[in-house]
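In terms of my numbering, the sequence shown opens at residue 917 and continues consecutively. Just so it is clear, CB atoms sit at the ideal spot from N, CA and C, and this is done for glycine as well.
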Amino acid sequence: MIRNYITNLIVVVIITVGIIAIVGWFSDLGKMRPLVSSIASTKFNTALCLIFSAVALFVSNRQKNPRYLSKLSTICTYSVIVIASLTILEYITGVKLGIDQIIVNDLGAASNPGRIEIVACLMFLMVGIILIKLERSTSHLLVQILLPLLFFVALFITFNYISGLSYLESMPFAVNTALTTSLSIMALCIGIFYSRPLRDITFSFEKKMAAYFAVTILLLGIVFFSFSANNQKLIASTKLIDHTKDVLFRSTQVLNAAQDIETGTRGFVITGHEDFLEPYKKSSIKIFENITEVKKLTEGNPDQQRRIDTLLSLANQNIELRKKLIEFKRGGYTEPLFATMLLGAEKKLMDSLRQTVSD
917 MIRNYITNLI
927 VVVIITVGII
937 AIVGWFSDLG
947 KMRPLVSSIA
957 STKFNTALCL
967 IFSAVALFVS
977 NRQKNPRYLS
987 KLSTICTYSV
997 IVIASLTILE
1007 YITGVKLGID
1017 QIIVNDLGAA
1027 SNPGRIEIVA
1037 CLMFLMVGII
1047 LIKLERSTSH
1057 LLVQILLPLL
1067 FFVALFITFN
1077 YISGLSYLES
1087 MPFAVNTALT
1097 TSLSIMALCI
1107 GIFYSRPLRD
1117 ITFSFEKKMA
1127 AYFAVTILLL
1137 GIVFFSFSAN
1147 NQKLIASTKL
1157 IDHTKDVLFR
1167 STQVLNAAQD
1177 IETGTRGFVI
1187 TGHEDFLEPY
1197 KKSSIKIFEN
1207 ITEVKKLTEG
1217 NPDQQRRIDT
1227 LLSLANQNIE
1237 LRKKLIEFKR
1247 GGYTEPLFAT
1257 MLLGAEKKLM
1267 DSLRQTVSD
C-alpha cells in the first residue's frame, strides 16, 4: 500500500512540475521564487515528456484499467518515444524536423531553439521503453537493466549541480541538461521501481548482494570521477595562472630594460662617462630576449601577437634613437643633440612602450 502511495505521489509531483514548466512558457514566472523560476525555464518538450511519462506510470500502477485509460497510457508512452527519437534524429542528421517547435517557439535560444538536450532525449527514450515493457511483458529483465542505468545517469548529472564541481564542463552534450530534468527522471525511476508491475519481483540473496555492490561501485565511480575532473580543472587553472604570471613577469622585464636604456643614455649624455652606458648595453640585449619570450608565451593569442610586434618595433626605434644621442655626445655635436632631445621623441617612445606593455 505504501509503495502505491509513493508512486502516485511521484506522479503528482512530476505532473505538477510539467504543468508549471508549460505555464511558464505562456506567462512570466521568472520573477517568482528561484525554484519556480528554475522549473519554468524547462524546455516545453521536456515538460510534455515528463507529463506523458507520469500519466503512463499512473495508469501502469493501477490494478485494473478501463480501455480508455490503457489507450491513454499507450498514447502517452509512444508520444515520449516519438519526441525523444525525432529529437535524437535531428542531432544526428542536422536536419530540422520541426519537433522542437510544434507548439511554441523558443526564439531566444542561442542554438537549436526549443530542442531537448541529447542526454535528456536518451533518458526519455529509456523511460518510454521501460513503460512499454512494464505493460507488455511478464519478464522485466530489460526493465531491471535499464532502470538502474537510467537512475545513475540522472544521478550523475544531478550530482554535478549539487556538488558544485562542474565536472561535466568537458562534456557539452551533458552539461546543458537541466537539474529539474535530472531530478524528475530520478523521481520517475523511483516511482517505476515501486509501481505495481515490479511489486511482485523477488530477489535472491545473491542478486541483492550484486545490486548492493553495483550501487556502491557506481557511487564510488561518480565520486572518483567528480574529484578527478575537479582536480584536472584545478590543474588547468593553476597552469593558466602560472602562464599569466610568466607573461606579466616578462612584460615587466621589457619595461625595466627600456627604463635602464633610458637611464644609461641620459647619464652618459649628461656626464660623458662611459660607465653610464653599461646598463644601456646590457638592457639592449635583455629587452629583445624578453620580448621573444613574451611572443612565445602568447602564440595562441593573435591580438597579443600584434601588440608584441608593435612593442618590438618601438624597442628598435627606442634603441636607434639612443644610439643617435650617444653618437652626438661622443662626436661633440651639441646642437643636434639638444635639438633631438627638445623634440621629445624619447618621452613619446617611452610612453608608447609603457602603454603597449600595460595593454
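Buried/exposed call for residue i, threshold 16 Cβ in 10 Å
| i | result |
| --- | --- |
| lysine 959 | buried |
| threonine 908 | Since the first residue of the chain shown is 917 and the last is 1275, residue 908 is not available in this structure. |
| isoleucine 1177 | buried |
| asparagine 1076 | buried |
| threonine 1272 | buried |
| isoleucine 1224 | buried |
| serine 1199 | buried |
| threonine 1097 | buried |
| phenylalanine 1244 | buried |
| arginine 1031 | buried |
| leucine 1063 | buried |
| leucine 1265 | buried |
| lysine 1012 | exposed |
| isoleucine 1078 | exposed |
| isoleucine 1203 | buried |
| leucine 1023 | With a pLDDT of only 48 at leucine 1023, under 50, the local geometry of the prediction cannot be trusted, and no value is derived from it. |
Identity of the residue in the options nearest residue i by Cα
| i | options | result |
| --- | --- | --- |
| isoleucine 918 | Gly1107, Leu1050 and Ile1034 | Gly1107 |
| cysteine 965 | Asn924, Leu1047 and Ile1008 | Leu1047 |
| glutamine 1221 | Ala1231, Asn1232 and Ile1207 | Ile1207 |
| leucine 1241 | His1189, Thr1181 and Phe1072 | Thr1181 |
| asparagine 1234 | Ser1274, Asp1219, Val1170 and Phe1192 | Val1170 |
| leucine 1237 | His1189, Asn1172, Val1185 and Phe1068 | Val1185 |
| isoleucine 1133 | Ile1101, Arg1112 and Phe1068 | Phe1068 |
Distance CB(residue i)-CB(residue j) smaller than 9 Å
| i | j | result |
| --- | --- | --- |
| leucine 1050 | histidine 1056 | yes |
| serine 976 | valine 996 | no |
| leucine 1104 | isoleucine 936 | no |
| valine 933 | alanine 963 | yes |
| alanine 1094 | glutamate 1033 | yes |
| isoleucine 991 | isoleucine 930 | no |
| tyrosine 1110 | glycine 1044 | no |
| isoleucine 1015 | asparagine 961 | yes |
| threonine 1074 | leucine 1099 | yes |
| leucine 1071 | methionine 1042 | no |
| glutamate 978 | leucine 985 | Contrary to the premise, residue 978 reads as arginine rather than glutamate in this sequence. Taking 9 Å as the Cβ cut-off, arginine 978 and leucine 985 qualify as a contacting pair. |
| glutamate 1194 | aspartate 1162 | no |
Through-space distance from residue j to residue i, alpha-carbon basis
| i | j | result |
| --- | --- | --- |
| threonine 1179 | glutamine 1148 | 46 Å |
| arginine 1115 | glutamine 1060 | 12 Å |
| serine 1153 | asparagine 1217 | 18 Å |
| alanine 1173 | tyrosine 1196 | 8 Å |
| glutamate 1205 | leucine 1228 | 11 Å |
| arginine 983 | proline 1113 | 18 Å |
| leucine 1230 | arginine 1270 | 10 Å |
| isoleucine 1201 | lysine 1155 | 29 Å |
| serine 1268 | serine 1274 | 10 Å |
| lysine 1263 | isoleucine 1157 | 33 Å |
| asparagine 1232 | histidine 1189 | 24 Å |
| lysine 980 | phenylalanine 974 | 12 Å |
| glycine 940 | glutamine 1017 | 16 Å |
| alanine 1026 | glycine 1010 | Here the model assigns alanine 1026 a pLDDT of 45, short of 50, so the residue's position is not dependable, and the following value carries that caveat. Cα-Cα distance, rounded: 16 Å. |
| aspartate 1191 | threonine 1160 | 36 Å |
| serine 943 | valine 928 | 22 Å |
| lysine 1239 | glutamine 1175 | 15 Å |
| asparagine 920 | isoleucine 1151 | 49 Å |
| arginine 1052 | isoleucine 1008 | 30 Å |
| glycine 1183 | arginine 1246 | 13 Å |
| asparagine 924 | isoleucine 938 | 21 Å |
Check: residue i C-beta below 8 Å from any heavy atom of the ligand FAD
| i | result |
| --- | --- |
| isoleucine 1008 | For the structure depicted, the ligand FAD is absent and the ligand set is empty, with no information on it obtainable. |
Count the CB pairs spanning the stretch 1204–1214 and the stretch 1166–1180 that are closer than 8 Å, and state whether there are at least three. yes
Count Cβ pairs between the stretch 1031–1040 and the stretch 992–1008 that sit closer than 8 Å; are there 3 or more? yes
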